[in-house]
Amino acid sequence: MIGRFRSLPLRSRLALLVAAAVAIAVATAAVVCWFIVRGVLTDSLDESLRQNRLTPDQVSSLVSPEGQCANVQPGPNIIKQTIQVVDPNGRNCVVVGSHPLKVSDSDIAVADGRQSDSKHNARASNGTEYRALTYPVSRLGVAVTVARPMSEVTDPLGSLVLVLSLVAGAGILSAGAAGLWVARTGLRPVDQLTEAVEHVARTEDLTVRIPVEGDDEIARLSRSFNSMAASLASSRDLQQQLIADAGHELRTPLTSLRTNVELLARSEDTGRAIPPEDRRALLKSVKAQMTELAALIGDLQELSRPEAAQQGPVEVVGLHEIARTALERARLRGPELTITADLSPWYVRAHRAALERAIVNILDNAVKFSPQGATIDVALTDGELTVRDHGPGIPADELPYVFDRFWRSSTARSLPGSGLGLSIVARTVQQCGGDVTLAPAEPDGTLATVRIPGAPVPPPELP
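Each step along the sequence shown adds one to the number in the UniProt record's numbering, with nothing skipped, and position 457 is 457.
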């Protein structure tokens, strides 16, 4: 049963749940109403019985000294009731009515004085059920039972049950219709969302947006879908742009490498030897192009790696130690340059390998753009690492684009590089909770600044 219910559409389940809730509420109200009305009618009948009690003189006039009852038949306009006299021995005689009532133990208890009165249901000899009130007549030593038919209670209750059943049925049907209407109205945005998702799955069109109305849960769901679609569209655009830029960047070294290899192969095939100097130049060029390709592929792999999948765990590392290691590598790549360093201790939480690569990229740029004999100043003070070179600098109008993928300054297009180094630097520093900037230096050169939150002393758990 539960499985069949769950297999129904959502709007049908909502309509059924609303109808079931209303049915339970109506049924509960009807049962409570029935019991209340029955109690009120019974109390009213009991009060009528009290008002119809016979006085001792009336009882004396209807009962002879020998205990014989003078039966009185009520007229057609008199309410049908039965009155009988009960003695302590349980004998009874009817003084009003035609059918005697069954004498109960409580009637005898009232007759012999053990009980003041008794209200109960009694059945007559013809099978009719009565509501009876038995009270004592002490002067005569008997009890009198006054009874009226229970039909005065059951007939109105039967009519009430019929009315309540009709009202409940109409209420349940109305609730089901209202629940279905509410379900359709409330789930209309969900239908739109379903259609949009199916459209995206079928056409891969991420420009679809759902109209947002109000500020309820459905509106939040619509906004979340629109935001997700926009993010996916942006991610796909970036992916396509990355593929296009990577293809463009790979084409140049591949073309040059292919040309050089073809020249070497033609020389071998034709038997025409290439002059030793030209051959060495070709081999040097091939080696340089292969190195550039390897660097480009490595940078692409670094950028394609998810942010959570960095090399090594996050740990407390000394930024000054990483900068010192990067400086040693930079001095090997630019032996003709003078590199000064003033590194104060500063500890940060980062991926050691990724952070070291970012610092190496910054120093590589400084070495690449510095003229021979120039000086590169490196300083680390209060968590701020600065690298200042004396190269040609970056034009002010190009500064907003220096951290974009594959972007290269007009002054660097003739130099080797993929245009991905600063993108890697920006992503790594942001993952450490810091920021990186490039700015012109006075009177010449460029100033790179890296700020990463940390402390000048290591935490206690770091040895």
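We treat Cβ as the ideally placed atom computed from N, Cα and C, and that holds for glycine.
Unbroken alpha helix (DSSP H) runs of length 4 or more, entirely within the UniProt domain "HAMP" (184–237): which are they?
188–203
Exposed or buried, what is Gln84 when buried is set at 16 or more other beta-carbons lying within 10 Å of its beta-carbon?
Your numbering for residue 84 matches position 84 in the sequence shown. Under this definition Gln84 is a buried residue.
Buried versus exposed call for Met228 [16 or more other C-beta atoms within 10 Å across all chains shown]:
To locate residue 228, count along the sequence shown from 1; it is residue 228. By the 10 Å Cβ count, Met228 comes out exposed.
What are the boundary residues of the beta strand (DSSP E) that His351 is part of?
Position 351 of the sequence shown, counted from the start, is the residue given in the question as residue 351. His351 -> beta strand (DSSP E) spans 347–351.
In this structure, how does DSSP classify Ser12 when only helix, strand and coil are distinguished?
Mapped onto the sequence shown, residue 12 falls at position 12. Of the three classes helix, strand and coil, the one that applies to Ser12 here is helix, per DSSP.
For Ile297, three-class secondary structure by DSSP
On the sequence shown, position 297 is the one that residue 297 refers to. Helix at Ile297.
Considering just the uninterrupted stretch of the beta strand (DSSP E) at Val142, what are its terminal residues?
Stepping through the sequence shown from its first residue, residue 142 is reached at position 142. Looking at the DSSP string, the run of the beta strand (DSSP E) that includes Val142 is 142–149.
Which residue from Ala330, Ser165, Ser235 puts its Cα closest to that of Ile376?
Within the sequence shown, numbered from 1, the residue matching residue 376 stands at position 376. For Ile376, the nearest C-alpha among the options comes from Ala330.
How far does the alpha helix (DSSP H) with Val329 in it reach, from first residue to last?
Locating residue 329 in the sequence shown gives position 329, counting from the first residue. In the sequence as presented, Val is not what sits at residue 329; that position holds Arg. Where Arg329 is concerned, the enclosing alpha helix (DSSP H) stretches over 319–333.
Please work out which residues of its chain come closer than 8 Å, Cβ to Cβ, to Leu263, disregarding the five sequence neighbours upstream and downstream, and give them in chain order.
As a working note, residue 263 is residue 263 in the sequence shown. Closer than 8 Å at Cβ, skipping near neighbours: Ile274, Leu282.
Strand pairing of residue 552, partner residues [DSSP]
Shown here, the chain extends from 1 to 463; a query on residue 552 therefore has no answer.
Any idea what DSSP makes of Cys432, helix, strand or coil?
As a first step, residue 432 must be located in the sequence shown, where it is residue number 432. In this structure, Cys432 counts as coil in the three-state DSSP scheme.
Looking at the secondary structure, which residues open and close the alpha helix (DSSP H) in which Asp444 lies?
Here residue 444 corresponds to residue number 444 of the sequence shown, with the count starting at 1. Careful: Asp444 lies outside any alpha helix (DSSP H) and carries neither H nor E.
Run the CB neighbour count on Val32, radius 10 Å, all protein chains shown included, and call it buried at 16 or more, exposed below.
On the sequence shown, position 32 is the one that residue 32 refers to. Exposed: under 16 other Cβ atoms inside 10 Å.
Residue environment, Thr134, which counts as buried when at least 16 other CB atoms sit within 10 Å:
For the purposes of this step, residue 134 is taken as the residue at position 134 of the sequence shown. Buried, because 16 or more other Cβ atoms sit within 10 Å of the Cβ of Thr134.
In chain order, each alpha helix (DSSP H) run of at least 4 residues that lies wholly inside the region 87–148:
105–111
Do you know whose CA, among Asp444, Asp205, Arg50, Ser106, lies nearest residue 464's CA?
What the structure shows of the chain is the stretch from 1 to 463, and residue 464 is not part of that stretch, so it cannot be assessed.
Proximity winner among Ser235, Arg333, Asn121, Arg209, relative to Glu195 (alpha-carbon distances)
Working through the sequence shown from its first residue, we reach residue 195 at position 195. Nearest option by C-alpha distance: Arg209.
Rounded to whole angstroms, what's the CA-CA distance from Val110 to Leu62? Just pull it up for me.
Against the sequence shown, residue 110 aligns to sequence position 110. Against the sequence shown, residue 62 aligns to sequence position 62. Whole-angstrom Cα-Cα distance: 20 Å.
Mapping the DSSP letters down to three states, classify Arg272 as helix, strand or coil.
On the sequence shown, position 272 is the one that residue 272 refers to. Correct three-state label for Arg272: coil.
Beta-bridge pairing of Thr338 - partner residues as DSSP gives them
Translated into the one-based positions of the sequence shown, residue 338 becomes position 338. BP columns for Thr338 point to Thr375.
What three-state label does DSSP hand Ala309 in the structure shown?
Residue numbering aside, residue 309 sits at position 309 when the sequence shown is read from its first letter. The predicted model places Ala309 with a pLDDT of 47, which falls under 50 and marks its position as unreliable, so this point remains unresolved.
Reduced DSSP category for Gln84 - H, G, I as helix; E, B as strand; rest coil:
On the sequence shown, position 84 is the one that residue 84 refers to. Gln84 falls in the strand class under three-state DSSP.
Beta-carbon proximity list for Gln81, same chain, < 6 Å, skipping 5 on both sides:
Translated into positions along the sequence shown, residue 81 becomes position 81. So the qualifying residues of the chain are Arg148.
Span of the beta strand (DSSP E) around Leu385
Against the sequence shown, residue 385 aligns to sequence position 385. Unbroken beta strand (DSSP E) run through Leu385: 384–388.
Indicate whether the contact test is met: 3 or more Cβ pairs, each with one atom in the region 149–159 and one in the region 41–56, closer than 8 Å.
yes
Measure from the alpha carbon of Thr55 to the alpha carbon of each residue in Val94, Val22, Val137, Gln430, then state which is nearest.
Within the sequence shown, the letter at position 55 stands for residue 55. Among Val94, Val22, Val137, Gln430, the Cα nearest to that of Thr55 belongs to Val137.
Which residues does DSSP list as the beta-bridge partners of Arg279?
For the purposes of this step, residue 279 is taken as the residue at position 279 of the sequence shown. Per DSSP, none; premise fails for Arg279.
Stretch pair the region 120–129 + the region 95–106: three plus CB contacts closer than 8 Å
yes
DSSP state of Val37, grouped into three classes?
Locating residue 37 in the sequence shown gives position 37, counting from the first residue. Three-state DSSP puts Val37 in a helix.
Between the beta-carbon of Ala288 and the beta-carbon of Ile362, is there less than 8 Å?
Sequence index remark: in the sequence shown, residue 288 carries index 288 (1-based). Sequence index remark: in the sequence shown, residue 362 carries index 362 (1-based). Contact: no.
Return the residue from the list Leu422, Asp397, Val387, Leu16 that minimises the CA-CA distance to residue 481.
Because the chain in this structure spans residues 1 to 463, residue 481 falls outside the shown range and cannot be described.
Have a look at Ala21 and Phe225 and give me their C-alpha separation to the nearest angstrom.
In the sequence shown, counting from the first residue as 1, residue 21 sits at position 21. In the sequence shown, counting from the first residue as 1, residue 225 sits at position 225. Taking the straight line from one Cα to the other gives about 32 Å.
Take the Cβ of Ile24 as the centre, count every other Cβ of all protein chains shown within 10 Å, and call the residue buried at 16 or more, exposed below.
Your numbering for residue 24 matches position 24 in the sequence shown. By the neighbour-count rule (16 or more Cβ atoms within 10 Å), Ile24 is not buried but exposed.
In angstroms with no decimal places, state the Cα-to-Cα distance between Gly141 and Pro88.
In the sequence shown, residue 141 corresponds to position 141, counting from 1. In the sequence shown, residue 88 corresponds to position 88, counting from 1. Distance between the alpha carbons of Gly141 and Pro88: 8 Å.
Among Gly97, Asp117, Arg202, whose alpha-carbon lies nearest the alpha-carbon of Ser106?
Translated into positions along the sequence shown, residue 106 becomes position 106. Per the Cα distances, Asp117.
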